[in-house]
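Undergrad: Protein chains in written order, with my numbering: chain V, 5 to 268; chain Z, 688 to 1030.
Just so it is clear, CB atoms sit at the ideal spot from N, CA and C, and this is done for glycine as well.
The following block contains the structure, expressed as structure tokens.
As structure tokens, then:
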């Protein structure tokens, strides 16, 4: 199920699903931090619910505090496990916390999770929460290529990030700005002809993920890409290249590659 | 090879909107069932959108558009390949009542894991018992709590009611809830530790057996055999089997994880595991109630013989339930459940 494109390791974890029709699509996985925040929010909600309920029970059973305490202890226990399992099972993989943080639990084949899976992954929290503060679950998720804690591994589920569901406005903002590469139409055309879609995708990805890369990694990647383009694909004149940073070089190259067919 | 994005998006957008509309309509429906015409349309739009996605991936640099199309394809894929359980299926009380017959069936199907759990517990018992029998000093190491180490004092206290912090039904109720939640938590841990390939489960069972064996031999040696039986059996009759079933669930899970690659019928297997846990949780509710309301009353109030008899009767009933329940109905159930599920 998890076949990453061969040439690069993803900077954000993602899962590639191959459907029976041979369609490939990616699902971005949720990081541990987002999941932790969602869980903390859920815990707050559960505690609030239990306290509210406890107050009510004490009011109703004021004459019998022992039975009130029994009711509350049992309810607290049941709610603690059932909250996640029932909400995820009936609400298509989301608890309130997960919904607010745009997370969703799904089956690892890309389909919605089943009710059995929701129960299994939530009951397995007894192990994941060990020895304290979800240490076991956290280590399990970080050591898994698809961010699964033990409960996810057993239930065959994973947590994905929900991406926005609106079609983007026009792409290619770089077309608006002045691009010094267009001063050299012949070299630009050579670049456009020689660049494979994979290479073009690589450049676009590198630029798009600018803020997700560590500074040193970004410098290194940009330098490598720019050097490769300059030496192997389309040598622009030195006097132009000397004035450009590697990032500007790549932005220009992407602008050339993005330009629609009308431009040439 | 490189796509004219503007033209492409302008041309294909209506189709994506149509798919989005269909998906939204479908997801708003309570039963999420498609009419034949809609199913055909969904399939067609899905295939076309998937093709569009392929073109965007290989012919253009449009990460946002690609992400949007991936999400759209993923949603359509989920709706085509996954049949949501309908509300009417989920809210059938009869389905939930079937747990009472399905639990003993699951228990019998996986009985070899139960046997393994019993074996490990007996080993623990033997170890604890023999250690105390041959080396009385080992009691200090094996029995953690002070109150367990000095039987005669404990028995005296219990019989006089000095240890009874449970002076009313009120406190007994509170105590029962604590026992139930604590025991279920321990049992769940034993069942979930199956992910350690059963090692954690085995250790837990062994330790449990060790304590049991040590306490039994220690008290019997000092002549309080009847007391300890009367003290522990009324709730132990359900508590100990339920911990063994938790061990069974743990070993079942371990076996499942070890052969996961060959056996992909995970849904059925997860159901089995959950059935065992649901069953043992019910048993522990009973055990906790008995422990708080019944086991704590000692000789002057409740004669030991009576307590032992109650415990023995519980054991017999439990054995009958686990070994016989659902057997004769198995065939009939399978028949009646089919139409109910396809509703």
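The stretch 193 to 207 of chain V: which residues have C-beta closer than 8 angstroms to a C-beta of chain Z, in chain order?
TA: Residues 196, 201, 204, 205 and 207.
Undergrad: Tell me the rounded alpha-carbon separation between residue 133 of chain V and residue 845 of chain Z.
TA: Each residue's Cα considered, the two are about 37 angstroms apart.
Undergrad: Between the Cα of residue 104 of chain V and those of V/38, V/144, V/237 and V/73, spot the shortest distance and give me the residue it belongs to.
TA: Looking at the Cα atoms, V/38 is the closest of the given residues.
Undergrad: Under 8 angstroms by Cβ, that's how I've got residue 154 of chain V and residue 257 of chain V pegged, so tell me the actual separation to the nearest angstrom.
TA: No, residue 154 of chain V and residue 257 of chain V are not in contact; Cβ-Cβ is about 45 angstroms, not under 8 angstroms.
Undergrad: Could I get the ranges of all uninterrupted alpha helix (DSSP H) runs contained in the stretch 95 to 138 of chain V, with 4 residues as the minimum, in chain order?
TA: You should have 100 to 104, 119 to 127 and 129 to 132.
Undergrad: Do you know offhand how far residue 54 of chain V's Cα is from residue 75 of chain V's?
TA: If I take the Cα positions, the gap works out to 11 angstroms.
Undergrad: Can the beta-carbon of residue 766 of chain Z be found closer than 8 angstroms to that of residue 713 of chain Z?
TA: Result yes, Cβ atoms of residue 766 of chain Z and residue 713 of chain Z sit closer than 8 angstroms.
Undergrad: Tell me, which residues are paired with residue 877 of chain Z by DSSP?
TA: Looking at the DSSP assignment, residue 877 of chain Z forms no beta bridge with any residue, so it has no partner.
Undergrad: Residues of chain Z with a CB under 7 angstroms from the CB of residue 327 of chain V: which are they?
TA: This structure gives no information on residue 327 of chain V, because the portion of chain V shown stretches from 5 to 268.
Undergrad: Could you compute how far the alpha carbon of residue 730 of chain Z sits from the alpha carbon of residue 699 of chain Z?
TA: Cα to Cα, residue 730 of chain Z sits roughly 16 angstroms from residue 699 of chain Z.
Undergrad: Assuming residue 1013 of chain Z and residue 707 of chain Z make a contact with CB atoms under 8 angstroms, what is their CB distance in whole Å?
TA: Actually they do not touch by this definition, with Cβ atoms about 47 angstroms apart.
Undergrad: Looking at chain V, is there any beta carbon in it that lies within less than 8 angstroms of the beta carbon of residue 858 of chain Z?
TA: Chain V, which has a Cβ nearer than 8 angstroms to the Cβ of residue 858 of chain Z, makes this yes.
Undergrad: Thinking residue 50 of chain V and residue 21 of chain V are a contact (beta carbons under 8 angstroms), I'd like their distance in whole angstroms, please.
TA: At roughly 32 angstroms, the Cβ-Cβ gap does not stay under 8 angstroms, so residue 50 of chain V and residue 21 of chain V are not in contact.
Undergrad: When the cut-off is 8 angstroms and only beta carbons count, does residue 177 of chain V lie next to chain Z?
TA: Confidence in residue 177 of chain V is poor, its pLDDT being 45 and thus under 50, which makes the residue's placement unreliable; the coordinate value appears in the next sentence. No, no contact with chain Z.
Undergrad: In the DSSP assignment, find the unbroken beta strand (DSSP E) run with residue 21 of chain V in it and report its ends.
TA: Start and end: 18 to 22.
Undergrad: Taking only three categories from DSSP, how would you classify residue 32 of chain V?
TA: DSSP places residue 32 of chain V in strand when its eight states are reduced to three.
Undergrad: So, with DSSP's three-state summary, where would you put residue 200 of chain V?
TA: Reduced to three states, the DSSP call for residue 200 of chain V is coil.
Undergrad: What does residue 819 of chain Z pair with, by DSSP beta-bridge criteria?
TA: Answer by DSSP bridge pairing: none, since residue 819 of chain Z is not bridged.
Undergrad: Between which two residues does the alpha helix (DSSP H) harbouring residue 261 of chain V extend?
TA: It spans 250 to 262 - the alpha helix (DSSP H) in which residue 261 of chain V sits, taken as one unbroken run.
Undergrad: Can you tell me whether DSSP reads residue 162 of chain V as helix, strand or coil?
TA: Residue state, collapsed to three classes: strand.
Undergrad: Quick check: what's the CA-CA separation for residue 42 of chain V versus residue 150 of chain V?
TA: Going from the Cα of residue 42 of chain V to the Cα of residue 150 of chain V covers about 18 angstroms.
Undergrad: Hey, how far is the Cα of residue 922 of chain Z from the Cα of residue 876 of chain Z?
TA: So the alpha carbons of these two residues sit roughly 20 angstroms apart.
Undergrad: Between which two residues does the alpha helix (DSSP H) carrying residue 695 of chain Z extend?
TA: 692 to 715 is the extent of the alpha helix (DSSP H) around residue 695 of chain Z.
Undergrad: At the level of alpha carbons, what is the spacing between residue 809 of chain Z and residue 864 of chain Z?
TA: If you take the alpha carbons of residue 809 of chain Z and residue 864 of chain Z, they lie about 29 angstroms apart.
Undergrad: If contact means a Cβ-Cβ distance below 7 angstroms, which residues of the stretch 53 to 69 of chain V contact chain Z?
TA: The residues in question are 68 and 69.
Undergrad: My output table needs one value for residue 721 of chain Z: the three-state DSSP class, helix, strand or coil.
TA: It is coil, neither helix nor strand.
Undergrad: With a cut-off of 8 angstroms on the beta carbons, I'd call residue 23 of chain V and residue 872 of chain Z a contact; round off their distance for me.
TA: In fact, because the Cβ distance is near 41 angstroms, the residues do not count as touching under 8 angstroms.
Undergrad: Can you find the residues in the same chain that come closer than 7 angstroms, C-beta to C-beta, to residue 673 of chain Z, ignoring five residues on each side of it along the sequence?
TA: Within the shown structure, residues of chain Z are numbered from 688 to 1030, placing residue 673 of chain Z beyond reach of any answer.
Undergrad: Would you mind telling me which residues of chain V sit closer than 7 angstroms to residue 757 of chain Z, beta carbon to beta carbon, in chain order?
TA: Neighbours of residue 757 of chain Z on chain V, chain order: 29 and 30.
Undergrad: Please determine, among Z/749, Z/805, Z/787 and Z/798, the residue with the shortest C-alpha to C-alpha distance to residue 897 of chain Z.
TA: The shortest Cα separation from residue 897 of chain Z among Z/749, Z/805, Z/787 and Z/798 belongs to Z/805.
Undergrad: Using only alpha-carbon positions, find the residue among Z/944, Z/860 and Z/761 that is nearest to residue 77 of chain V.
TA: Of Z/944, Z/860 and Z/761, the residue nearest in Cα terms is Z/860.
Undergrad: Would you report the Cα separation of residue 996 of chain Z and residue 912 of chain Z, rounded to the nearest angstrom?
TA: Using only the alpha carbons, I get a separation of about 15 angstroms.
Undergrad: Using the C-alpha atoms, what's the distance from residue 58 of chain V back to residue 70 of chain V?
TA: Residue 70 of chain V and residue 58 of chain V: Cα-Cα distance of roughly 13 angstroms.
Undergrad: Could you check where the alpha helix (DSSP H) with residue 984 of chain Z kicks off and where it finishes?
TA: Counting along the chain, residue 984 of chain Z falls outside any alpha helix (DSSP H), and DSSP gives it neither H nor E.
Undergrad: Quick check on residue 988 of chain Z: does DSSP put it in helix, strand or coil?
TA: Residue 988 of chain Z falls in the coil class under three-state DSSP.
Undergrad: Quick one: what does DSSP say residue 176 of chain V is sitting in, helix, strand or coil?
TA: Only weak support is given to the placement of residue 176 of chain V: the predicted model assigns it a pLDDT of 47, under 50, and the question is left unresolved by the model.
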